[in-house]
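For what it's worth, our numbering labels the leading residue of the sequence shown as 500, then goes sequentially.
The beta-carbon is built from N, C-alpha and C at its ideal position, and this holds for glycine as well.
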Amino acid sequence: MTDSVTTVSITEIRRLLAQSSLDRTAVDIADGLLAGVGPADQHVEVHETDRQVAVTIYERRWRRELKSGAVVHGTQDLLSGLENADCETVWMAMPAVAGRAVILWFDSAIAEVLGCVVTSLPRPLRRHV
Numbered sequence: 500m501t502d503s504v505t506t507v508s509i510t511e512i513r514r515l516l517a518q519s520s521l522d523r524t525a526v527d528i529a530d531g532l533l534a535g536v537g538p539a540d541q542h543v544e545v546h547e548t549d550r551q552v553a554v555t556i557y558e559r560r561w562r563r564e565l566k567s568g569a570v571v572h573g574t575q576d577l578l579s580g581l582e583n584a585d586c587e588t589v590w591m592a593m594p595a596v597a598g599r600a601v602i603l604w605f606d607s608a609i610a611e612v613l614g615c616v617v618t619s620l621p622r623p624l625r626r627h628v
């Protein structure tokens, strides 16, 4: 498979999130973060990948983030959405907003959000001298 890349507007992503039946905590956080990103017509790159590869990649990333102490919302919805999708390829976007990663997976037509995860790393401990 060739690595296809396209763009989707923040407005369209927010519309798709509003229509989704995913974990509302993750969706609401993602929507709030995306609402604060530049102009409404700003676009985000999305990359096409094999659905099963996407599951494997995300499972590895999730384990790493949990070990690091990251706060992660939406993982179970994401994994079940990817595993149960009716398509062989999916599209992924990962904009970084306000120190958080918003990870979005879309179906092959970019018409439905299959998963939405928001991660944030804990603040480093401050040293007192």
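**Report entry** Same chain, Cβ closer than 7 Å to V543, five either side skipped, listed in chain order
**Finding:** T506, V507, I509, I512, A592, P594
Requested in this report: Go to G535, then tell me how far its alpha helix (DSSP H) extends in each direction, as first and last residue.
Outcome: It is not in any alpha helix (DSSP H) - G535 carries neither H nor E in the DSSP assignment.
Query raised in the report: Out of A597, D585, S619, which has the shortest C-alpha to C-alpha gap to M613?
Result: Residue identity check: residue 613 is Leu in the sequence provided, not Met. Comparing Cα-Cα distances from L613 to each of A597, D585, S619, the minimum goes to D585.
Query raised in the report: If you drop the 5 nearest sequence neighbours on each side, which residues of the same chain put their C-beta closer than 7 Å to that of H627?
Result: For H627, the pLDDT reaches just 45, beneath the cut-off of 50, and the residue's location in the model is therefore unreliable, leaving the point undetermined.
Query raised in the report: For the candidate residues I602, S503, A600, whose alpha-carbon lies nearest to that of T548?
Result: S503
Report task. Give the secondary structure of I512 by DSSP, where H, G and I count as helix, E and B as strand, and everything else as coil. Result -> helix
Requested in this report: Kindly give me the distance between the Cβ atoms of R559 and L581, rounded to whole angstroms, as I take these residues to be in contact under 8 Å.
Outcome: Actually they do not touch by this definition, with Cβ atoms about 13 Å apart.
Query raised in the report: Taking the C-alpha atoms as reference points, what is the distance between V536 and V596?
Result: 7 Å
Requested in this report: Using three-state DSSP, classify D576 as helix, strand or coil.
Outcome: helix
Query raised in the report: Would G573 be called buried (16 or more neighbouring beta carbons within 10 Å of its own) or exposed?
Result: buried
Query raised in the report: Can you give the Cα-Cα distance for R523 and T555, rounded to whole angstroms?
Result: 24 Å
Report task. Tell me whether the beta-carbon of V589 lies closer than 7 Å to the beta-carbon of A553. Result -> yes
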